[in-house]
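**Student:**
Numbering (the working numbering), first residue to last: 67 to 201.
(1) Per DSSP, what kind of secondary structure is residue 186 in: helix, strand or coil?
(2) Tell me which residues share the same chain as residue 78 and place their Cβ nearer than 6 Å to its Cβ, disregarding the 5 neighbours each side in the sequence.
(3) Contact defined as beta carbons within less than 8 Å: I believe residue 125 pairs with residue 135. What is the distance between those atoms, to the nearest angstrom?
(4) Kindly list the residues whose CB is nearer than 7 Å to the CB of residue 159, restricted to its own chain and excluding five residues on each side of it in sequence; keep chain order.
(5) Which same chain residues end up closer than 8 Å to residue 103 when comparing Cβ atoms and leaving out the 5 residues on each side of it in sequence?
(6) Taking Cβ to Cβ, would you say residue 96 is nearer than 8 Å to residue 120?
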């Protein structure tokens, strides 16, 4: 059985960054959709399923990429995100589902992070049964 390539949503308000990421990912044979803002991203995330979102932390018009992902995780709790930003101030993320790279980035850094996140297995939350409890 052939595995379907990851479906990636790229969200960045800078068209040069969007085009660069789209090209890098398409050259890798990945399925890519790119949008410019959190409103467009939210609309897509409400109607389509993606394996991974590459999200600029600071989008134009005061939008916060982390808020877009948090909202999307209300209906897609295991949605993975690779955050990108020129800075890291105040960046808190979920180590099971998220990664981070700084701008400027290198092609192989993006590809490596995408594949690592794609194959990353979220840690299971330990339940009483897992701990040997009787309930």
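Positions of the beta carbon are idealized from the N, C-alpha and C atoms, including for glycine.
**Tutor:** The answer reads as follows:
(1) By 1-based counting over the chain shown, the position of residue 186 is 120. Here residue 186 sits in coil by DSSP.
(2) Indexing the chain shown from 1 puts residue 78 at position 12. 84 and 122.
(3) Stepping through the chain shown from its first residue, residue 125 is reached at position 59. Stepping through the chain shown from its first residue, residue 135 is reached at position 69. Rounded to the nearest angstrom, the Cβ distance from residue 125 to residue 135 is 12 Å, too far for a contact under 8 Å.
(4) Mapped onto the chain shown, residue 159 falls at position 93. Around residue 159: 149 and 166.
(5) If you number the chain shown from 1, residue 103 lands on position 37. Excluding positions up to five away in sequence, the list reads 77, 79, 125, 126, 127 and 129.
(6) Looking up residue 96 in the chain shown gives position 30. Looking up residue 120 in the chain shown gives position 54. No. Outside cutoff.
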